[in-house]
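Chains as they are written, first to last, in my numbering: chain A, 2 to 402; chain B, 101 to 514.
All C-beta atoms, glycine included, are put in the ideal place defined by N, C-alpha and C.
These figures come from a predicted structure and were not determined experimentally.
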């Protein structure tokens, strides 16, 4: 296996399969036309391409030759990717060139150190790793993006278009504002404005209440000495081992009997308790990392403990507070089970509960997807804007799933 | 000479500190006790009770009143009619009584022997009621001019009724039927097997995929931050949004995945991904891996970036190949975080409810223990059986947790 004239063609063939599947799926999703990878042709031409690169070297001329050859093969109809007869001229050429360009540009760096003769372990494994890396990037990007792409594009189409060709996600830009009809209907007929407000209000309240409980608790666990401190800091972890559904059942019963079901306050009472343990755990980790000397100096100067927390500890831990708040906000915003079980009155729905109510056969599914987009976009925007806080918060707290 | 030995025992300062600590912790402890510990205890209580969904509403006295007869002129003789019934068909109510105000201008001519009238206040004691009992009470009255003038009708002053009933939840009937019921059903072992499959493969899959993603991004290049943010999307998005996106993507009739597979010639018939027996379980497990690989990815990446690079340089000098470096250097370093992640994710996957509930509703052989709680309590309307399943879950978790506590004390802290 570790010989250049063998490694080159094998990796080339496998890489061509990866590329042809990728390009075919991308082109299908973009145009709705028929593109399909041909595994046999891919293996054959990929092997030839890999062999050529190993034999002739990696200069610009070889790259151009590969680009032209692969594109031409695709256009003739015996290439790594096959196209349906009714595919238009522009997508045909575009797909063919994309295929050629993708292969020519990527195979040369992958086979960078491969020479025709015997290979060292380093050279061989380097090529395998570069192949796997390329595959990994394509794979992860695809699995993450495709569901979101389908979600957004479905929300912009109408029922008949969807049924006619489920693959056609191309958008007719000439329709203008008409594209956003499902969104318009959601907000005018399905009350999504209220749901959005409810979700926002409940999430913010949850963050505030959680912090109000977790900050003093975390400080006590991190700084103050008392009997049972170690046991306490460990048992916090145990709390979020309890499954929500087990708690939801008695809570449902209690709320039904006391009339708290279907009320804002019931939800606002429950949500923070599900997030307090996580927040407390994350914060106490951060508080432990702060220098105790600063606080002791404050105590020496005559501040009380509470004043120390308020004037010294909290200002120092603003970044941690930001990531905890973000994380708690995310949990509350995304929460589904409790909202689903405890809310029946449409005027009190949160976004997630509202989306669940759209899941019926009478409501077209682009509405369902538009609702999903409405719920996803704020949290994504918040997350991307404050990504650094978020990643830190997620890793710091070992986080609930 | 002064005593120079250090003070022993807890001094007043230490005591004050401990008191402050408990003071700061008490709101959290109370909230957690109320919402976590109390419901857990309640679950054990309910699991030995023969309680159904309908029993949650306590039986009550339903009362309607109206005026029977013509009441156009003064002197007319009419009846005030009270219709009462027990709302429950199988629960008795004891000590039923009701009170009402007779409107001005109505002269009561005759009174039922169970009722008393003081001024305008009517009070009737109806004693104990059988389940499903209905009763009608007629009180004959004579219309006075005042009644016609003031326009107040009997219905305008609502009658208040009282009565005590024992709820199944609080009385002393106990039963083990819930447990025998869930253990003896054929499905139970299938449910256990499905839970095990889902938990083990979901956990291991998410770890391996996360490890792969972390290896990809463990080098700095332009756009690394963007990719890292992108790969976290599945975990950050609301579960309901991504679950429905998957359902629509894999719809058997108009889903894009099926259209793609048909077009590529992989299958000749549309595949019902979430509706066929072995496939649905595999799909929900794949969904679980897809949704939670970002979490393992994040932790593994954080650990990787804290490994000293000198070691790899030394290994390079000694001629270790990339795979050898991974196997002999990285893996031992990552073993700690991997095992902690495995334990945590194992328990959380075991606890997962929303994902399967939204994707299949527990149909097509995907019913796990947690979905079974919902199924028993709300679909079959047998709250007691649901609670019994919850007790089984709790037992499993207790076992895991003991193991986990023992283990995590030796592992690097998370």
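8 Å is my cut-off, CB to CB: does residue 196/A come that close to chain B?
No - not a single Cβ of chain B is within 8 Å of the one on residue 196/A.
Should residue 125/B be flagged as near chain A, meaning a C-beta pair shorter than 8 Å?
Contacts with chain A at 8 Å (Cβ-Cβ) include residue 125/B.
Have a look at residue 170/B and residue 242/B and give me their C-alpha separation to the nearest angstrom.
11 Å
At least three beta-carbon pairs within less than 8 Å, the segment 388-403 of chain B to the segment 350-359 of chain B:
no
Pick from 437/B, 216/B, 387/B and 295/B: whose alpha carbon is nearest that of residue 314/B?
437/B
At the level of alpha carbons, what is the spacing between residue 339/B and residue 113/B?
49 Å
Residue 133/B versus residue 137/A - alpha carbon distance
About 46 Å.
Exposed or buried, which one is residue 137/B when buried takes at least 16 other CB atoms within 10 Å?
exposed
Assign residue 512/B to buried or exposed, taking buried as 16 or more other Cβ atoms, counted over all protein chains shown, within 10 Å of its Cβ.
Unreliable placement is indicated for residue 512/B, whose pLDDT of 48 sits below 50; no coordinate value is reported for it.
On the three-pair Cβ rule with 8 Å, is the segment 261-268 of chain A touching the segment 146-166 of chain B?
no
Let's test the definition: count the other Cβ atoms within 10 Å of the Cβ of residue 349/A and tell me whether it reaches 16, buried, or not, exposed.
buried
Going by alpha carbons, who is nearest to residue 448/B out of 486/B, 460/B and 296/B?
296/B
Which ranges does the beta strand (DSSP E) cover as unbroken runs of at least 3 residues, wholly within the segment 22-74 of chain A, from first to last along the chain?
36-38
What in chain B is Cβ-close to residue 381/A, meaning under 8 Å?
333, 336 and 337
Own chain, CB closer than 7 Å to residue 289/A, minus 5 neighbours either side, in chain order:
223
From the DSSP secondary-structure annotation, give me the bridge partner or partners of residue 298/B.
Residue 298/B is not bridged to any residue.
By the 8 Å beta-carbon criterion, what residues does the segment 481-505 of chain B contribute toward chain A?
Listed in sequence order: 483, 486, 487, 490, 493, 494, 497, 500, 501, 504 and 505.
Taking the alpha-carbon positions, what's the residue 246/B to residue 203/B distance?
10 Å
Tell me whether residue 157/B is buried or exposed, calling it buried when 16 or more other Cβ atoms sit within 10 Å of its Cβ.
exposed
From residue 172/B to residue 479/B, what does the alpha carbon distance come to, in whole angstroms?
54 Å
In chain A, which residues lie with their C-beta within 7 Å of the C-beta of residue 428/B?
Within 7 Å Cβ-Cβ: nothing; residue 428/B doesn't reach chain A, min ~14 Å.
Looking only at C-alpha atoms, which of 258/A, 286/A, 304/A and 390/A sits nearest to residue 320/A?
Ranking 258/A, 286/A, 304/A and 390/A by Cα distance to residue 320/A puts 390/A first.
Identify the residues that DSSP records as bridge partners of residue 85/A: which are they?
DSSP lists no partner for residue 85/A.
Assigned exposure category for residue 281/A - 16 Cβ within 10 Å defines buried:
buried
Which of the residues in the segment 361-376 of chain A, read from start to end, lie with their CB under 7 Å from any CB of chain B?
366, 369, 370, 373 and 376
For residue 103/A, report the span of its alpha helix (DSSP H) as first-last.
Residue range 90-111 is occupied by the alpha helix (DSSP H) that includes residue 103/A.
Closest to residue 325/B by CA distance: which of 388/A, 108/A, 272/A and 380/A is it?
Of all alpha-carbon atoms in 388/A, 108/A, 272/A and 380/A, the one lying nearest the alpha-carbon of residue 325/B is that of 388/A.
Under 8 Å, CB to CB, which of the residues in the segment 131-160 of chain A have a partner in chain E?
Note that chain E does not occur in the displayed structure, where the protein chains are A and B.
Beta-carbon within less than 7 Å of residue 220/A's beta-carbon, same chain only, minus the 5 sequence neighbours each way: which residues are those?
288, 310 and 314
Among 106/B, 105/B, 501/B and 120/B, the one whose alpha carbon lies nearest that of residue 225/A
Comparing Cα-Cα distances from residue 225/A to each of 106/B, 105/B, 501/B and 120/B, the minimum goes to 120/B.
Residue-chain proximity (residue 386/A, chain B), Cβ-Cβ < 8 Å:
no
Using 8 Å as the threshold, is the segment 195-209 of chain B in touch with the segment 219-231 of chain B, meaning 3 or more CB pairs across them?
yes
Are the C-beta atoms of residue 189/B and some chain A residue less than 8 Å apart?
no
contact_flag[the segment 88-106 of chain A, the segment 24-31 of chain A] where n(CB pairs < 8 Å) is 3 or more
yes
By the 10 Å Cβ neighbour count, where 16 or more other Cβ atoms means buried, how is residue 111/B classified, buried or exposed?
exposed
Cα-Cα, which of 251/B, 237/B, 223/B and 256/B is closest to residue 262/B?
223/B
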